[in-house]
Amino acid sequence: MTAAGAARGEASVAVITGASSGIGAALAQAYAARGWRVVLVGRRGSALDATAMACAQAQGLQVVDPARLRLISLDLRDRQAWCEHAVRLLQDWGCPQVVVAAAGISHGVDLSHGPDLQVAGEIMHSNWLAALATLSPFIAPMRARGSGTLAAIASVAGVRGLPGHAAYSASKAALIHSLESLRVELRGSGVRVVTVSPGFIATPMTAGNPFPMPFLLDAHAFARRALRAIDRGRAYATIPWPMAVLSKLMHVLPRALWDRVARLQGRKPRRAPEDDPS
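For my numbering, count along the sequence shown from 1 and bump the result up by 1.
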C-alpha cells in the first residue's frame with residue numbers, strides 16, 4: 002500500500018488470479034477472512050461473483066464492498082488488458098503486499114494426435130506465460146518499496162514427466178524454474194518469491210481424474226497451509242507434507258526406475274482443441 006494508505010490504516014492488499022474457483026477461490030476467501038483487501042481475477046464473471054460473495058461473508062458482510070473487494074473478469078492470456086488493469090490497481094490501491102498467480106488449466110494430451118499440440122500450447126500459455134505475466138507488473142514497484150511477496154501455484158507434476166501430461170508437467174516445471182530465477186534475481190531486495198507446489202487438491206480441475214489421488218486435500222485446507230508458507234516467505238513449499246516426501250523420491254529416482262513407476266499412473270483425459278478451457 003502507499004504511505005498515505007498506511008497512514009489511514011488501510012488493510013493490506015492481496016491479488017489472486019484464478020479466483021473463479023478451486024485453489025484461487027479458496028486463497029481469496031482466506032485472505033478476505035484475515036481482513037485484507039483482495040483483488041479477484043478470473044475468466045468466468047458469474048463464478049467470480051460467487052467467490053466475491055463468499056469473500057464478503059468471510060469479512061462478515063452481506064454484500065460485496067468494492068472498497069474491500071475488487072473484481073477483474075479477464076483472461077490472463079490477454080497480457081495488454083492485464084497490464085492496463087494492473088496499472089489502475091497500482092494507482093487506486095497502491096502496490097499490493099502479496100500477489101499469487103493461481104490461474105491454470107489441466108488437460109491430458111496425446112502427442113500422436115496433431116490437434117493436441119494446440120491444447121499443449123494453451124496449457125503452456127495459461128500455466129507458465131500467463132503466470133509470469135501476472136507477477137510482472139508488480140516486480141518493479143515491490144523492489145522500489147523494498148518489500149512484498151510474489152507467489153505462484155506450481156505442482157508436484159512439475160517434478161517429473163507423467164503419462165498424458167507432456168504439456169502440464171512441462172508447464173509446471175517451467176514455472177518452478179522461472180520462479181527460482183526470479184527469486185535469485187530479487188535476493189536482497191526485500192521482495193520474496195514463493196513457489197507453492199500442491200499435490201492432489203479437490204477442485205473442479207481434479208474432479209474428472211480417473212485414477213487414485215493419494216493425500217487428496219480440500220482446497221480450503223490447502224489455502225490455510227499455503228498462506229502460512231507465503232507468510233514465511235518460503236522459497237519452495239510442497240503441500241501436503243506427505244506429498245513433499247513423495248516428490249523428493251520422484252526427483253531422485255533413476256530414469257529407468259521412474260519409467261516403470263510412472264507407467265502405473267493413469268492418464269489425464271484429453272480435451273478436444275475446440276472446447277473452451279476449464
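For glycine and all other residues, C-beta sits at the position ideal for the given N, C-alpha and C.
Can you confirm whether the stretch 230-237 touches the stretch 35-42 when touching is taken to mean that 3 or more C-beta pairs between the two stretches lie within less than 8 Å? As far as the Cβ criterion goes, the stretch 35-42 does not touch the stretch 230-237, which means the pair count is below three.
If you pair each beta-carbon of the stretch 214-221 with each one of the stretch 255-269, do three or more pairs fall below 8 Å? No contact exists between the stretch 214-221 and the stretch 255-269.
Would you tell me roughly how many angstroms separate the C-alpha atoms of Ser198 and Leu180, rounded to the nearest one? Using only the alpha carbons, I get a separation of about 12 Å.
Closest residue to Leu183 among Leu136, Ala55 and Ser21 (Cα-Cα distance): Ranking the options by Cα distance to Leu183, first place goes to Leu136.
When the Cα atoms are used, what is the spatial distance from Trp83 to Pro138? A straight-line Cα-Cα distance of about 9 Å links Trp83 and Pro138.
Which class does Gly109 belong to by DSSP, given the choice of helix, strand or coil? When DSSP states are grouped into helix, strand and coil, Gly109 belongs to the strand group.
Beta-carbon spacing of Leu28, Leu49 below 8 Å: In this structure, Leu28 lies away from Leu49, with their beta-carbon atoms at least 8 Å apart.
How many Å lie between Arg146 and His86 at the Cα? One C-alpha to the other measures close to 20 Å.
Can you name, in chain order, every residue of its own chain whose Cβ lies under 8 Å from the Cβ of Ala224, other than the five neighbours on each side? Only residues of its own chain outside the window of five on either side were considered, and among them Ile24, Ala27, Leu28, Gln30 and Ala31 have a CB closer than 8 Å to the CB of Ala224, listed in chain order.
Inter-residue Cα distance where the pair is Ser148 and Arg193: Cα to Cα, Ser148 sits roughly 8 Å from Arg193.
Below 8 Å CB to CB, which residues in the same chain sit around Asp66 once its five sequence neighbours on both sides are set aside? If we look at Asp66 and ignore the five residues flanking it on each side, its Cβ neighbours are Ala57 and Gln60.
Determine the closest residue to Ser170 out of Arg44, Leu133 and Ile106, with distance taken between C-alpha atoms. The shortest C-alpha separation from Ser170 is found at Ile106.
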